[in-house]
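Chemist: Mind looking over this structure? Questions follow.
Here's what the structure looks like:
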């Protein structure tokens, strides 16, 4: 075995020397860009800066493009070895140019139509009769205009790159990239609006790396090495944006600003999806769909076969230069690994089939929930939305992904959204109402319940949101308000309606929470089964991912259970009797095992009076308050809890004081709200329902609730009152 390894190492050394010699012969490489230097081409800059090209034996010259640069022609004529262009290179190939696409950097095209926000143009149909500045290679926009029957109704002007013509009224619209033009919007008083082809069903790749068939056939190893080095540079650039920005400014375009380039990087991340899709990935089926789109709109001849257009089509060809060396290497590798590969492939196929089956089941469960469910990243961009969420926003299937809440509301409301985002960054769940305008122009009011998700370092990575369409409810509330202001004689009638609406709302909350339990338990169950059945197949990263899914699902289950309890306390009929409050408190303290079994507890329970109240509901109040006191003193060697009562102005004032972590008095008003938490989940578990339950129960008894603290680390005191009669 050792001899075989030595032989293999020797052969690989000879192969490396041979390959290096070949690189030394053909080391001058020119890369033609489609536009001027900016973050749009960051991967190529870093591949050169970090020596990835040099290590492959290349001396690479990166040439920036101009307004009228025809990248395909430059590469086909031999003025450049490689180029970067839109999917229009497929049209060039159908016209006889032997182009081969090597990689797609953008999984979704950044191309859009730019208009003045004050022009009132929001939809493609409003472009009829307008002046549109556009280049010949903007195939996405042409396809959209053809699809909407607008190409012959729009006056197309040759693209010159001067976007100020829009603001000056010389033209009505222009093609552009959303990755950097939105930065211009944020930096000027004049704002722009955008119309994206993807909204109208035209979803192409963007910025494709390509070469010619002659280059692939004559220099296959050069093409392969250049492609690998370029993609390696892209991976580094997307993981190290600040370093990349410095390189672009210092060596390529000193006129650009750091903030501009970092903004472009963040926008590109949404279109490249580097965490979900392998950089450079191209799919034959998707290119076939692009070709079908071109054919349907008469942009290419019918029946064109894309065979040979993709780089993968040429990899099966034999490279005679290295045939003998590769045969020897292949023979040795086959002897050493063929059986292992076959076994691994079988296991992999089985695992992938099982994983796909589980994913389909999970996806079906989530999409069949009647309430809107969505996940957004830290910039409020949707990365997932179920069917119900799409119905609320009235978008087509998949139409919410890569969109933002900002796209559906007014500029005044963006401040509200940003304020709620800041709350979640501090670890607080968020519940708020938002007025939106749907994709079809419908005005709606939605209720958003949002909970943050954090990584192991406590940094927020996403937000889970549940959306409720409360338009009709809001309209009813406005109607009640209007009638109350004008018709005093109908006060009783309006009060009755309001009570009915509140009762329906509580019933609705109960129903929603109850319907959510089954899907969440399915997620937990299926995840546990999958982990048990595939423990020997999954790597540590996959296991950690599933562990996070299970943890989040358990947290949602606890949240739903607490919501159900909260709903029940609002609907439960009160049965008032006279009983001794001391007896209830002592029973709760005795049954609270967590404090007694794990910590030293010093509980002082003073003599408490007999009250006329619902014993069961008051037991829930003390359970929540004692649980709170024990929970937030877990870091102390000795837990001190004091429970007492005083009398004042016809009411009893009950209090419970602890020596726990306390809280900032500035946020006292948030303590008794639903989902309101002042501490992170990783520090103190809980859902933010307990104190809300306390307030609801005491309010039903005609009492008041409040809390006091001298600051964090100085303990807390919670109070509630009950009427004497």
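In our numbering, the protein residues as written are 1175 to 1899. Ideal Cβ positions, reconstructed from N, Cα and C, are used throughout, including at glycine.
Using the Cβ count rule (16 or more neighbours within 10 Å means buried), how would you classify residue 1283?
Modeler: Residue mapping note: residue 1283 aligns to position 109 of the chain shown, counting from 1. By the C-beta density criterion, residue 1283 is buried, having at least 16 other C-beta atoms within 10 angstroms.
Chemist: Provide the residue span of the alpha helix (DSSP H) that contains residue 1400, from first to last.
Modeler: Residue mapping note: residue 1400 aligns to position 226 of the chain shown, counting from 1. First-last of the alpha helix (DSSP H) with residue 1400: 1394-1413.
Chemist: Does the beta-carbon distance from residue 1817 to residue 1830 come in below 7 Å?
Modeler: For the purposes of this step, residue 1817 is taken as the residue at position 643 of the chain shown. For the purposes of this step, residue 1830 is taken as the residue at position 656 of the chain shown. Yes, Cβ-Cβ distance for residue 1817 and residue 1830 is below 7 Å.
Chemist: My guess is that residue 1900 and residue 1380 are in contact by the Cβ rule of under 8 Å, so how many angstroms apart are they, rounded?
Modeler: It is not possible to answer for residue 1900, since the shown part of the chain is limited to 1175 through 1899.
Chemist: Decide if residue 1899 is buried, meaning its Cβ has at least 16 other Cβ atoms within 10 Å, or exposed.
Modeler: Along the chain shown, read from residue 1 onward, the residue named residue 1899 stands at position 725. Exposed: under 16 other Cβ atoms inside 10 Å.
Chemist: Quick check: what's the CA-CA separation for residue 1272 versus residue 1387?
Modeler: What you label residue 1272 is simply residue 98 of the chain shown in a count that begins at 1. What you label residue 1387 is simply residue 213 of the chain shown in a count that begins at 1. Between residue 1272 and residue 1387, the C-alpha separation is close to 6 Å.
Chemist: Where do the N-terminal and C-terminal ends of the alpha helix (DSSP H) with residue 1590 fall, by residue?
Modeler: Translated into the one-based positions of the chain shown, residue 1590 becomes position 416. Per DSSP, residue 1590 belongs to the alpha helix (DSSP H) from 1585-1599.
Chemist: Would you mind stating whether residue 1774 and residue 1712 have Cβ atoms separated by less than 7 Å?
Modeler: Taking the chain shown and counting its residues from 1, one reaches residue 1774 at position 600. Taking the chain shown and counting its residues from 1, one reaches residue 1712 at position 538. No, these two residues do not count as a Cβ contact at 7 Å.
Chemist: What did DSSP end up calling residue 1454 once you bin it into helix, strand or coil?
Modeler: Taking the chain shown and counting its residues from 1, the one referred to as residue 1454 is at position 280. DSSP places residue 1454 in strand when its eight states are reduced to three.
Chemist: From residue 1640 to residue 1549, what does the alpha carbon distance come to, in whole angstroms?
Modeler: Numbered from 1 along the chain shown, position 466 holds the residue referred to as residue 1640. Numbered from 1 along the chain shown, position 375 holds the residue referred to as residue 1549. About 9 Å.
Chemist: Using a Cβ distance threshold of 8 Å, determine whether the stretch 1307-1320 contacts the stretch 1363-1376, with at least three qualifying pairs required.
Modeler: Yes, the stretch 1307-1320 touches the stretch 1363-1376.
Chemist: What are the residues that DSSP puts in a beta bridge with residue 1368?
Modeler: Here residue 1368 corresponds to residue number 194 of the chain shown, with the count starting at 1. 1288, per the DSSP bridge assignment.
Chemist: Excluding the five sequence neighbours on either side, which residues of its own chain have a C-beta within less than 7 Å of the C-beta of residue 1664, listed in chain order?
Modeler: Along the chain shown, read from residue 1 onward, the residue named residue 1664 stands at position 490. In its chain, beyond the 5 residues on either side, 1657 have a beta carbon closer than 7 Å to the beta carbon of residue 1664.
Chemist: Exposed or buried, what is residue 1242 when buried is set at 16 or more other beta-carbons lying within 10 Å of its beta-carbon?
Modeler: Translated into the one-based positions of the chain shown, residue 1242 becomes position 68. Under this definition residue 1242 is an exposed residue.
Chemist: Leaving out five residues on either side along the sequence, give the residues of the same chain with a beta carbon under 6 Å from the beta carbon of residue 1782.
Modeler: Here residue 1782 refers to the residue found at position 608 when the chain shown is read from its first residue. Short of 6 Å from the beta carbon of residue 1782, and not among the five residues preceding or following it, lie these beta carbons of its own chain, in chain order: 1755, 1756 and 1819.
Chemist: Output needed for residue 1448: all residues of its chain with C-beta closer than 6 Å, excluding positions within five of it in sequence on either side, in chain order.
Modeler: As a position in the chain shown, residue 1448 is number 274, starting the count at 1. Within the same chain, residue 1448 has close Cβ partners 1412.
Chemist: Within its chain, find whatever has a CB closer than 8 Å to the CB of residue 1825; leave out the 5 residues flanking it on each side and keep chain order.
Modeler: Residue mapping note: residue 1825 aligns to position 651 of the chain shown, counting from 1. Within the same chain, residue 1825 has close Cβ partners 1877, 1895, 1896, 1897 and 1898.
Chemist: Mark residue 1442 as exposed unless 16 or more other C-beta atoms lie within 10 angstroms of its C-beta, in which case mark it buried.
Modeler: In the chain shown, the residue the question calls residue 1442 occupies position 268. So residue 1442 counts as buried.
Chemist: For residue 1451, does the count of other Cβ atoms within 10 angstroms reach 16, so buried, or fall short, so exposed?
Modeler: Walking along the chain shown from the start, residue 1451 turns up at place 277. Label assigned to residue 1451: exposed.
Chemist: Could you tell me which of 1455, 1553 and 1286 sits nearest to residue 1444, measuring between CA atoms?
Modeler: Numbered from its first residue, the chain shown carries residue 1444 at position 270. It is 1553 whose Cα lies nearest to the Cα of residue 1444.
Chemist: Write down the C-beta distance between residue 1720 and residue 1751 rounded to the nearest angstrom, noting that I regard them as a contact closer than 8 Å.
Modeler: Start at 1 with the first residue of the chain shown, and residue 1720 comes out as number 546. Start at 1 with the first residue of the chain shown, and residue 1751 comes out as number 577. About 50 Å separates the two Cβ atoms, so there is no contact after all.
Chemist: If you draw a straight line from the alpha carbon of residue 1661 to that of residue 1653, how long is it in whole angstroms?
Modeler: Taking the chain shown and counting its residues from 1, the one referred to as residue 1661 is at position 487. Taking the chain shown and counting its residues from 1, the one referred to as residue 1653 is at position 479. For residue 1661 and residue 1653, the distance between alpha carbons rounds to 12 Å.
Chemist: Which residue wins for smallest C-alpha separation from residue 1556, given the options 1508, 1484, 1635 and 1585?
Modeler: Along the chain shown, read from residue 1 onward, the residue named residue 1556 stands at position 382. Nearest C-alpha to residue 1556: 1635.
Chemist: Beta carbon of residue 1223, beta carbon of residue 1204: below 7 Å?
Modeler: Position 49 of the chain shown, counted from the start, is the residue given in the question as residue 1223. Position 30 of the chain shown, counted from the start, is the residue given in the question as residue 1204. In this structure, residue 1204 does not lie closer than 7 Å to residue 1223 by Cβ.
Chemist: Give the secondary structure of residue 1822 by DSSP, where H, G and I count as helix, E and B as strand, and everything else as coil.
Modeler: Residue mapping note: residue 1822 aligns to position 648 of the chain shown, counting from 1. Note: residue 1822 maps to strand in three-state DSSP.
Chemist: Candidates 1428, 1433, 1295 and 1405: which alpha carbon is nearest residue 1365's?
Modeler: As a position in the chain shown, residue 1365 is number 191, starting the count at 1. Nearest to residue 1365 by alpha-carbon distance, out of 1428, 1433, 1295 and 1405, is 1295.
Chemist: From which residue to which residue does the alpha helix (DSSP H) around residue 1262 run?
Modeler: Translated into positions along the chain shown, residue 1262 becomes position 88. Element bounds for residue 1262: n/a, residue is neither H nor E.
Chemist: With three or more C-beta pairs closer than 8 Å as the rule, is the stretch 1346-1356 touching the stretch 1453-1461?
Modeler: no
Chemist: Buried or exposed for residue 1889, going by 16 or more other Cβ atoms inside 10 Å?
Modeler: Within the chain shown, residue 1889 is the residue found at index 715, counting from 1. Residue 1889 is buried by the Cβ-count criterion.
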